[in-house]
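> For reference, the structure I am asking about is given below.
Dropping the structure here:
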């Protein structure tokens, strides 16, 4: 009878331990998915900002060599990511392809002038940096006009700020829920062992001695929960990238390594911290308060 009771107790312990690992894994997986969305939101944001283009139209009499020198100067300006020279001949070829006919032959000459396509780094893709660039080069004799959509820059940055604030707020909420769920799961697991904890204390065991095996069990729970969560994240990224290749995936070693290590760290830290406070709760209680 006693042996059967021990089997039931061991089975209950294994079940509670397994449920703790699975709960930690599910919460960490959701946190990892959110981290992937945050990372890609930043990448998408940078992509849109760096795709914004400022067109610099040069005077008709400016030669290709002079235009190339000016493009190099613009490329070295603070915040500029690239400054690509588009010659009049290249522009004519592109426009002819769009129109479907050779307008240069029809007119008899090429009316287009050289242009420079300027793109800014994401950190400088704002009205102030572009205005500074415009103030620096608009007075150049070779420059006829600097053209860009100012309202588009403001809209991009405003919408990105709104999306970022929303995602960060959701992130804070999710991490709070994550902590509460893991904490409650571990508390329920330790509740079944509250009498053992108190019995060890009553026979003279120190708090550090009592905590040690439970904290080590918390480390194991967090570790194996993180292993399962990372496995699910790899599957998620694999199937997601097949549908949306633009997202970062298994090939982005640095980002993947950071994400995997962060999941391990979060799982172990939260599990150990929750275990520590749950044990202290039962250590402070009197024996009659455990029932």
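Residue numbers (the numbering used here): 4 to 294.
Even glycine gets a Cβ: it sits at the ideal position worked out from N, Cα and C.
Keep in mind it's a predicted model, so treat the numbers as computed, not measured.
Cβ of residue 27 within 8 Å of Cβ of residue 228?
Taking the chain shown and counting its residues from 1, the one referred to as residue 27 is at position 24. Taking the chain shown and counting its residues from 1, the one referred to as residue 228 is at position 225. Less than 8 Å divides the Cβ of residue 27 from the Cβ of residue 228.
> Could you give the DSSP three-state label for residue 56: helix, strand or coil?
As a position in the chain shown, residue 56 is number 53, starting the count at 1. In the structure shown, residue 56 adopts extended strand secondary structure according to DSSP, grouped into three states.
> Is there contact here, the region 21-40 with the region 119-133, by at least three beta-carbon pairs under 8 Å?
In this structure the region 21-40 does not touch the region 119-133; the number of beta carbon pairs closer than 8 Å is below three.
> CB residue 91 to CB residue 116, shorter than 8 Å?
Here residue 91 refers to the residue found at position 88 when the chain shown is read from its first residue. Here residue 116 refers to the residue found at position 113 when the chain shown is read from its first residue. Yes, Cβ-Cβ distance for residue 91 and residue 116 is below 8 Å.
> Out of 203, 244, 216, which one is the CA nearest neighbour of residue 286?
In the chain shown, the residue the question calls residue 286 occupies position 283. It is 203 whose Cα lies nearest to the Cα of residue 286.
> Can we say the region 62-80 touches the region 159-174, given the rule of at least three CB pairs closer than 8 Å?
no
> Tell me the DSSP secondary structure of residue 62 in three-state form.
In the chain shown, the residue the question calls residue 62 occupies position 59. In the structure shown, residue 62 sits in coil (DSSP, three-state: anything other than H, G, I, E or B).
> Mark residue 208 as exposed unless 16 or more other C-beta atoms lie within 10 angstroms of its C-beta, in which case mark it buried.
For the purposes of this step, residue 208 is taken as residue 205 along the chain shown, with counting starting at 1. By the neighbour-count rule (16 or more Cβ atoms within 10 Å), residue 208 is not buried but exposed.
> Can the beta-carbon of residue 53 be found less than 8 Å from the beta-carbon of residue 84?
Sequence index remark: in the chain shown, residue 53 carries index 50 (1-based). Sequence index remark: in the chain shown, residue 84 carries index 81 (1-based). In contact: residue 53 and residue 84 (Cβ atoms closer than 8 Å).
> On a CA-only basis, which of 154, 271, 235 is nearest residue 219? Give me that one, please.
For this step, residue 219 is matched to residue 216 along the chain shown. If we check each option's Cα against that of residue 219, 271 comes out closest.
> CA-CA distance, residue 259 and residue 265?
Residue numbering aside, residue 259 sits at position 256 when the chain shown is read from its first letter. Residue numbering aside, residue 265 sits at position 262 when the chain shown is read from its first letter. If I take the Cα positions, the gap works out to 10 Å.
> Determine the extent of the alpha helix (DSSP H) in which residue 88 is found, giving its start and end residues.
Position 85 of the chain shown, counted from the first residue, corresponds to residue 88. From DSSP, residue 88 is part of no alpha helix (DSSP H) but of the beta strand (DSSP E) over 83-89.
> Measuring CB to CB, does residue 80 end up less than 8 Å from residue 167?
Here the question's residue 80 lines up with position 77 in the chain shown. Here the question's residue 167 lines up with position 164 in the chain shown. In this structure, residue 80 lies away from residue 167, with their beta-carbon atoms at least 8 Å apart.
> Check for me: the beta strand (DSSP E) holding residue 206 runs from which residue to which?
Position 203 of the chain shown, counting from 1, holds the residue named residue 206. Segment: none, residue 206 is in no beta strand (DSSP E) and carries neither H nor E.
> Since residue 137 is in the alpha helix (DSSP H), which residue starts that stretch and which ends it?
The residue you call residue 137 lines up with position 134 of the chain shown. Per DSSP, residue 137 belongs to the alpha helix (DSSP H) from 130-140.
> Enumerate in chain order the residues of its own chain whose CB-to-CB distance from residue 5 is below 6 Å, with the five nearest sequence positions on each side excluded.
The residue labelled residue 5 in the question sits at position 2 within the chain shown. Reliability of the predicted coordinates at residue 5 is poor, the pLDDT of 41 falling under 50, and the value obtained from them is presented with this limitation in mind. Result list for residue 5: empty, nothing under 6 Å.
> The alpha helix (DSSP H) that contains residue 67, what's its start and end?
Numbered from 1 along the chain shown, position 64 holds the residue referred to as residue 67. Taken as a continuous stretch (DSSP letters only), the alpha helix (DSSP H) holding residue 67 covers 67-78.
> To which residues of the same chain is residue 284 closer than 6 Å at the C-beta, ignoring the five residues directly before and after it?
If you number the chain shown from 1, residue 284 lands on position 281. No residues qualify anywhere along the chain.
> Comparing alpha-carbon positions, which option in 198, 129, 147, 242 lies nearest residue 56?
Here residue 56 refers to the residue found at position 53 when the chain shown is read from its first residue. The residue with the shortest Cα to Cα distance from residue 56 is 129.
> Once you ignore the five residues that flank residue 143 on each side, which residues in its own chain have a CB closer than 8 Å to its CB?
Taking the first residue of the chain shown as 1, we reach residue 143 at position 140. Closer than 8 Å at Cβ, skipping near neighbours: 73.
> Return the CA-CA distance between residue 178 and residue 135, expressed in angstroms with no decimal places.
By one-based count along the chain shown, residue 178 stands at place 175. By one-based count along the chain shown, residue 135 stands at place 132. Distance between residue 178 and residue 135, taken at the CA atoms: about 41 Å.
> I need the straight-line Cα distance from residue 94 to residue 262, nearest angstrom please.
Sequence index remark: in the chain shown, residue 94 carries index 91 (1-based). Sequence index remark: in the chain shown, residue 262 carries index 259 (1-based). Computed Cα separation, rounded: 45 Å.
> For residue 277, count the other beta carbons within 10 Å of its own beta carbon; 16 or more makes it buried, fewer makes it exposed. Which is it?
Translated into positions along the chain shown, residue 277 becomes position 274. Counting Cβ neighbours within 10 Å, residue 277 comes out buried, since at least 16 surround it.
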